[in-house]
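For reference, the structure is listed below as structure tokens.
There are 4 protein chains.
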Amino acid sequence: MVKDQLLIKKRREQMIKAAVTLFIQKGFHRTTTREIAKESGFSIGTLYEYIGSKEDILYLVCDSIYDQVSENLKKRLKQDVEGIDSLRYAIAALFRVIDDLQDEVLVMYQESKSLPKEALRYVLQKEFEMTELIQEVIQECVTKGHLELTDQEIYQSAHNILVQAHMWTFRRWAIQNKYTLDEYTEIQTNLFLNGLLKK
Amino acid sequence: MVKDQLLIKKRREQMIKAAVTLFIQKGFHRTTTREIAKESGFSIGTLYEYIGSKEDILYLVCDSIYDQVSENLKKRLKQDVEGIDSLRYAIAALFRVIDDLQDEVLVMYQESKSLPKEALRYVLQKEFEMTELIQEVIQECVTKGHLELTDQEIYQSAHNILVQAHMWTFRRWAIQNKYTLDEYTEIQTNLFLNGLLKK
Amino acid sequence: MVKDQLLIKKRREQMIKAAVTLFIQKGFHRTTTREIAKESGFSIGTLYEYIGSKEDILYLVCDSIYDQVSENLKKRLKQDVEGIDSLRYAIAALFRVIDDLQDEVLVMYQESKSLPKEALRYVLQKEFEMTELIQEVIQECVTKGHLELTDQEIYQSAHNILVQAHMWTFRRWAIQNKYTLDEYTEIQTNLFLNGLLKK
Amino acid sequence: MVKDQLLIKKRREQMIKAAVTLFIQKGFHRTTTREIAKESGFSIGTLYEYIGSKEDILYLVCDSIYDQVSENLKKRLKQDVEGIDSLRYAIAALFRVIDDLQDEVLVMYQESKSLPKEALRYVLQKEFEMTELIQEVIQECVTKGHLELTDQEIYQSAHNILVQAHMWTFRRWAIQNKYTLDEYTEIQTNLFLNGLLKK
DNA sequence: GATGAATGAGTCTTCATTCAT
DNA sequence: TATGAATGAAGACTCATTCAT
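Residue numbers (the numbering used here), protein chains in the order written: chain V, 16 to 214; chain P, 16 to 214; chain C, 16 to 214; chain Y, 16 to 214.
Take a look at the structure:
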């Protein structure tokens with residue numbers, strides 16, 4: 016196996032990019048390691064200098080996607096917004112991040128089940144942490160008195176919002192030709208908030 | 016190919032049952048036709064008397080699941096409930112149906128993407144029709160003045176409800192150990208309705 | 016896997032014959048499963064209907080050779096010969112059997128080390144049993160008073176005789192162009208016996 | 016390719032040592048060049064500065080083992096022993112040398128067949144020369160009248176003795192847990208000589 | 001002289017599908 | 001109708017060897 020850490024990083028990025036492209040087109044199982052190597056720009060031998068098995072690629076892909084989503088989301092959440100708008104803003108931010116990484120997210124949604132058990136657990140953990148980011152924003156709104164929700168409702172709302180973000184990709188056939196991302200964001204935010212605002 | 020229609024039906028049901036069991040355990044791609052034949056109780060030769068290719072099995076499975084969900088849901092929706100409760104009732108019914116067919120729904124969620132294009136279109140069409148069932152219930156509430164929603168909101172709400180039903184299965188790792196189906200139903204219904212009721 | 020036991024036996028015999036031919040020529044590791052299939056007269060797919068892995072073939076080969084050697088030897092040992100001649104006869108019989116199965120024995124000598132652990136143990140056990148056959152003949156001569164040997168000497172003599180039989184194959188480059196099997200048998204018998212006869 | 020002869024010698028010795036260790040553990044074919052390089056303490060690139068192909072390593076190993084055995088044996092044979100004892104002594108010396116280089120000898124026994132033809136011939140030549148060393152000792156005993164043997168018997172006896180020495184390694188599973196090297200030496204010497212001494 | 005990243009031919013093995021019985 | 005033996009294309013992965021630095 017190759018030693019140069021920088022090279023490893025570079026090559027793996029090449030692989031991940033190639034893999035996402037191919038997984039989108041044909042799914043994980045129908046994509047061959049040779050195809051990934053070719054799309055990555057190197058030989059099958061070289062591919063295996065950087066991974067141990069085909070499943071490793073799927074893992075790298077999932078891991079990288081989470082990191083990207085997470086990083087981008089955190090970057091956006093830093094903005095200083097107050098009150099109920101902080102939640103509005105968070106939802107919009109999340110939706111936008113997912114929209115930007117649409118293909119990647121879709122791949123992860125469809126293929127992560129093929130991960131070996133241990134890796135799957137790890138990936139689910141990341142999904143959990145992402146949900147918590149949203150949960151915290153909601154919690155803050157509740158704490159500050161802008162929303163009135165039970166703990167269970169907070170927890171479930173966070174999951175709902177995340178799934179609604181993912182929905183934008185995995186149900187694109189039903190949604191994306193109906194409205195733009197901005198419209199979608201507004202509709203979902205309204206549906207969600209109108210019921211939660213104190214009356 | 017076999018001609019006796021009754022036999023065809025019987026054999027296909029055997030296959031579908033076997034396939035669902037196996038797809039749940041190992042996914043479509045990791046399940047072999049031989050395994051399906053064995054689990055079905057007949058030989059690989061016989062299997063191919065009733066299907067043309069492995070993908071046909073996946074199609075049969077998906078088709079059958081939709082029919083079951085659809086049929087069960089329609090049965091439940093027949094109940095005569097009035098006003099906003101009709102929607103409450105519809106949500107509960109949907110959630111219950113999905114819960115009953117949990118494994119099947121999960122398989123469809125995870126594997127339908129492997130369907131050949133034509134078959135996928137057909138299956139999505141069924142998903143559409145299912146959404147319309149919910150949409151109609153919402154629409155009725157709006158028409159009758161129990162809810163105030165734009166057309167887009169109606170459309171999106173129907174999708175949301177359906178996805179929330181599916182969520183109960185594909186996010187079970189995060190939800191099913193938190194609350195029972197009844198609790199889940201109540202939480203989701205509250206979150207949804209409290210915002211939609213006229214104030 | 017194929018069910019018809021008779022067919023399994025037949026196919027495996029084909030495989031074993033093909034494998035011995037090839038292993039002799041190029042050794043186990045340099046022989047591919049495809050070559051074995053081809054030489055056996057069927058496709059690679061069919062080959063794997065009758066074995067689980069390449070190592071299985073080696074095991075089948077070794078097992079079969081032992082059975083052949085053993086069977087042939089036992090057949091020959093049945094002859095009714097008395098006194099010290101029973102030993103002379105046994106040695107000659109053993110040498111002849113090994114000579115008949117020269118290639119097979121050589122393969123086993125050179126390749127059995129590549130057997131997976133468990134299989135190796137099993138094969139060594141068979142080698143042991145074969146040695147015991149010789150040991151018994153010697154023992155009988157001692158018991159009857161034709162030879163005077165300690166237990167250790169009996170044990171070691173049996174091993175020596177067996178190795179001398181194998182030697183005829185694995186040292187053929189030094190021996191077989193010097194004398195015929197009959198001559199070899201006589202020389203070895205003399206060298207061995209002349210020292211053991213009571214003086 | 017490197018030119019410094021001293022360095023070549025040093026590097027090759029490192030390689031041989033590493034290779035023997037690994038060949039013992041896993042055999043020639045299952046050992047990779049990378050592993051040999053690593054165990055040798057240098058890179059795969061460096062390895063190929065000192066050899067042309069993997070087979071070269073096997074050749075170096077075999078050649079080196081013969082040289083060691085041969086050298087050690089000759090050293091021991093120098094002792095001044097007279098009469099039949101010279102043969103006793105030679106046998107003991109040979110057995111001891113082989114015992115000292117047990118692993119190496121075993122490797123050679125099991126793997127030399129994988130040598131390319133030309134190299135194999137060369138190695139067999141060395142084996143021949145080694146046999147001749149023993150042959151000479153026996154011949155001397157015959158010439159001096161201590162033993163009475165035909166030429167063929169002399170030739171074969173030398174081979175027998177050598178194979179008995181090797182047997183100590185390749186049949187260790189049956190012998191080494193029965194008696195010590197000294198006991199083994201005594202048994203074999205007795206079995207051999209008692210028949211050859213003039214009566 | 002030493003390094004180690006890159007290569008790709010070659011290997012074992014799987015599995016959907018066919019077809020004679 | 002049912003069976004299951006036969007097929008071979010295709011896939012994951014290995015490893016001896018090269019060569020630019």
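For glycine and all other residues, C-beta sits at the position ideal for the given N, C-alpha and C.
Ignore the nearest five residues each way along the sequence and tell me which others in residue i's own chain have a CB closer than 8 Å to its CB.
i: ILE99(Y); result: CYS156, HIS161, LEU162, LEU208 and LEU212
i: PHE57(Y); result: ARG26 and GLN29
i: LYS159(P); result: GLY98
i: MET145(P); result: TYR81, VAL84, SER85, LEU88 and LEU177
i: ILE202(V); result: TYR194
i: LEU130(V); result: GLU70, LEU73, TYR74, CYS77 and VAL138
i: ILE23(C); result: VAL17 and TYR65
Does any residue of chain P have a CB that is nearer than 8 Å to the CB of residue i?
i: ASN192(V); result: no
i: LEU206(V); result: yes
Within the 8 Å Cβ cut-off, does residue i reach chain V?
i: ASN87(P); result: no
i: GLN125(P); result: yes
i: VAL178(P); result: yes
i: PHE143(P); result: yes
Among the options, which residue has its Cα nearest to the Cα of residue i?
i: PHE43(P); options: ILE153(P), SER127(P), GLU28(P) and GLN83(P); result: SER127(P)
i: LEU75(C); options: GLN20(C), MET30(C) and LYS159(C); result: MET30(C)
i: LEU140(Y); options: ASP82(Y), ILE169(Y), ARG91(Y) and TRP183(Y); result: For the sequence presented, residue 140(Y) should be read as Gln rather than Leu. Ranking the options by Cα distance to GLN140(Y), first place goes to ASP82(Y).
i: ILE153(P); options: ARG136(P), MET145(P) and SER172(P); result: SER172(P)
i: VAL120(Y); options: SER79(Y), ASN175(Y) and GLU97(Y); result: SER79(Y)
i: ALA33(V); options: THR165(V), GLU54(V) and LYS18(V); result: GLU54(V)
i: ASN87(V); options: GLU64(V), CYS77(V), LEU116(V) and SER101(V); result: LEU116(V)
i: GLN94(C); options: THR195(C), VAL138(C) and ALA105(C); result: ALA105(C)
i: GLU64(P); options: LYS18(P), THR146(P) and SER129(P); result: LYS18(P)
i: LYS132(V); options: SER129(P), LEU130(P) and LYS41(P); result: LYS41(P)
i: LEU206(V); options: ASN175(P), ASP197(P), LEU92(P) and LEU21(P); result: ASN175(P)
i: PHE143(Y); options: LEU196(C), ARG186(C), LYS24(C) and TYR199(C); result: ARG186(C)
i: THR165(Y); options: ALA189(C), LEU164(C), GLN167(C) and GLU198(C); result: GLU198(C)
Could you list which residues in chain Y have their beta carbon closer than 9 Å to that of residue i, in chain order?
i: HIS44(C); result: GLY42, PHE43, HIS44, ARG45 and SER129
With a threshold of 8 Å between beta carbons, is residue i in contact with chain C?
i: HIS161(Y); result: no
Anything in chain Y within Cβ reach of residue i, meaning under 7 Å, just list it in chain order.
i: LEU139(C); result: TRP188
Can you name, in chain order, every residue of its own chain whose Cβ lies under 7 Å from the Cβ of residue i, other than the five neighbours on each side?
i: ILE66(Y); result: ILE72
i: THR48(P); result: ILE59, LEU62 and LYS69
i: ALA180(V); result: LEU109, PHE110 and ILE113
i: LEU135(P); result: SER127
i: ILE51(V); result: MET30, ALA33, ALA34, LEU37, LEU62 and ILE72
i: GLN150(V); result: ILE169, TYR170 and ALA173
i: THR200(Y); result: ILE106, ALA107 and PHE110
Using the beta-carbon of each residue, which ones in chain V are nearer than 7 Å to residue i?
i: ILE202(P); result: GLN167, GLU168 and GLN171
I want to verify the contact list: residues of chain P whose CB lies under 9 Å from the CB of residue i, in sequence order.
i: MET182(V); result: HIS174, ASN175 and VAL178
Enumerate in chain order the residues of its own chain whose CB-to-CB distance from residue i is below 6 Å, with the five nearest sequence positions on each side excluded.
i: ASP118(P); result: ILE39
i: LYS89(C); result: none
i: MET182(P); result: none
i: LEU148(Y); result: none
Quiz prompt | Complete runs of the alpha helix (DSSP H) confined to the region 113 to 139 of chain P [at least 4 residues] | solution = 117 to 126
Quiz item: Which runs of the alpha helix (DSSP H) spanning at least 4 residues fall entirely within the region 129 to 201 of chain Y, listed in chain order?
Solution: 132 to 158, 166 to 185 and 187 to 190
Self-check item: Ordered list of alpha helix (DSSP H) runs contained in the region 28 to 59 of chain P, each at least 4 residues
Solution: 48 to 55
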